[in-house]
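Residue numbers for the sequence shown follow this note's numbering, so the first one is 14 and each next one is one higher.
Ideal Cβ positions, reconstructed from N, Cα and C, are used throughout, including at glycine.
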Amino acid sequence: MPAACLPLISPDLHSHSTYSDGTLTPHELVSRAVQRGLSILALTDHDDTSGIAPAQAAAHELGLKLIDGVEISVTWRGHTIHIVGLGINASDVALQAGLAATRVGRSNRAEKIVAAFESLGIAGSREGAGEFAANKEMISRTHFARFLVKRGLVKDMKGAFRRYLGGGQPCFVPHQWATLGDAVRWINGSGGVAVVAHPGRYPLDTAQMRELFAEFRDSGGAAIEVVSSSHKPPQYAVFAAYAREFGLAASAGSDFHSPAESYYDLGSLPALPPGLRPVWQLLGC
Ligand code: AMP
Ligand code: MN
Ligand code: MN
Ligand code: MN
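Below is the structure:
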């Protein structure tokens, strides 16, 4: 078969390392991506960009195009929404100030989560979650979930969120993250493009979803994540239709966190539906 006919593996524009709540170091992540045939990967750690430099070093060594990214936690109308930034400049001062403030909020929330576990008679969650968090500024519910699994209080990560950490559960602590406008401004201001991550995860009705996309586009947002581990295949068509309606580009990302925990491994993402502008075209890929 001529080279031009070989199937291309879609870029994967959403992944995590040990600098947030992934279990692979940037080098391990890039190495796994290369082994699994990916040639373009974005590292999008939550609220932190310190994994980018080691990931770029690994990408250079192993021959992969690494897109500098981040996944920013946002509160929109009381809902937590994630905005991925792609092609960002991690040295941008305003972006770093915004992310640093977001991480302070995370640390404060983590203390409240610890207190909630203590009030249930579960001691040691600070140290327990800390054992899984290589980056002490970036404590996530995922780290608490791994602690619960290790303690044997739940059998898997899903159970940890269902019984303790998910919305409405006893150790869920409501939190005010950045605003949608701030996150898009930080990303755009650093030269990146903003993407609504895994919209299928948000408990929004159709009218609210349309308002989210309209406000996002009007704030300067660029794309919707259409293909995601959080979406079932029928949802690809739903979010593809939103992308066309709102004139937004489309992204695809595994949201890979760990070989043991992630639904789509690196290099196994389905292709974007037809008739969409792939966001990687905006990134010069
Ligand atoms: P945080 O940003 O600290 O509130 O944590 C959110 C993270 O928890 C997400 O990025 C996911 O990695 C993880 N997460 C959320 N819900 C679930 C779930 N039901 N099962 C496994 N992981 C989850
Ligand atoms: Mn995560
Ligand atoms: Mn997310
Ligand atoms: Mn993610």
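request  = Within the same chain, show all residues whose beta-carbon is closer than 6 Å to that of S10, passing over the 5 residues directly before and after it, in chain order.
outcome  = What is shown of the chain runs 14 to 298, which leaves residue 10 out entirely.
inquiry  = Just to confirm, is the Cβ distance from A265 to D25 under 8 Å?
reply    = yes
query = Closest by CA to R116, which one among F252, I152, V240 and P67?
reply = I152
inquiry  = The beta strand (DSSP E) that contains L99, what's its start and end?
reply    = H92 to L99
task = Name the two residues that bound the continuous alpha helix (DSSP H) containing W199.
result = L193 to G202
request  = Alpha carbon to alpha carbon, how far is G288 from A17? Give it in angstroms, no decimals.
outcome  = Only weak support exists for where A17 lies, its pLDDT of 46 falling under 50; the value from the coordinates is given anyway. In a straight line, the C-alpha of A17 is about 21 Å away from that of G288.
query = What alpha helix (DSSP H) runs, 4 residues minimum, are completely inside the stretch 176–261?
reply = 193–202, 219–231 and 246–259
ask   = Ends of the alpha helix (DSSP H) at A72?
value = I65 to L75
Segment limits, alpha helix (DSSP H) that includes L133 = That residue, L133, is in no alpha helix (DSSP H); it is neither H nor E in DSSP.
inquiry  = Bridge partners for H59 per DSSP, in chain order?
reply    = E84
query = Since M170 is in the alpha helix (DSSP H), which residue starts that stretch and which ends it?
reply = M170 to A173
key: Neighbour-count burial assignment, R175, 16 or more Cβ in a 10 Å radius   = exposed
query = Can you name the residues that DSSP bridges to G266?
reply = S241
key: Of the listed residues G172, D169, A55 and E124, nearest to P187 (C-alpha basis)   = E124
query = Where does G288 fall in DSSP's three states?
reply = coil
task = Please determine if the stretch 118–132 and the stretch 228–243 are in contact, where contact requires at least 3 C-beta pairs separated by less than 8 Å.
result = no
request  = May I have the straight-line CA-CA distance separating E150 from D218, to the nearest angstrom?
outcome  = 34 Å
request  = Inspect the beta-carbon positions of A173 and H156 and report whether they are closer than 8 Å.
outcome  = no
task = From the DSSP output, in three-state form, read off S28 for me.
result = strand
message = Please report the distance separating the alpha-carbon of M14 from that of L51.
response = Since pLDDT at M14 reaches only 38, below the 50 mark, its modelled position is unreliable, and no value is offered.
key: For G180 and H136, the rounded distance between their alpha carbons   = The question names His, but residue 136 in the sequence shown is Ala. If you take the alpha carbons of A136 and G180, they lie about 21 Å apart.
task = Give a yes or no on contact between the stretch 33–48 and the stretch 160–169, applying the rule of three or more CB pairs nearer than 8 Å.
result = no
inquiry  = Are there any heavy atoms of ligand 3 lying less than 7 Å away from the beta-carbon of A210, as far as the coordinates show?
reply    = yes
key: Inter-residue spacing [alpha-carbon to alpha-carbon] between Y32 and D231   = 31 Å
inquiry  = Between which residues of its own chain and R290 is the CB-CB distance below 7 Å, once the five residues before and five after are set aside?
reply    = A262 and A263
inquiry  = Helix, strand or coil, according to DSSP, for L54 in the structure here?
reply    = strand
query = For P194, which of V206, D169 and E228 has the nearest alpha-carbon?
reply = Before going on, a small fix: residue 194 reads as Gly here, not Pro. Of the listed residues, the one whose Cα sits closest to G194 is E228.
query = Do H29 and ligand 6 come close, with the Cβ less than 7 Å from some heavy atom?
reply = The ligand content of the structure shown is limited to ligand 1, ligand 2, ligand 3 and ligand 4, which means ligand 6 is not among them.
Where K78 falls: helix, strand or coil (DSSP) = strand
inquiry  = If contacts are defined as beta-carbon pairs under 8 Å, then H95 and S86 qualify, I think. What distance do you get, rounded to the angstrom?
reply    = 6 Å
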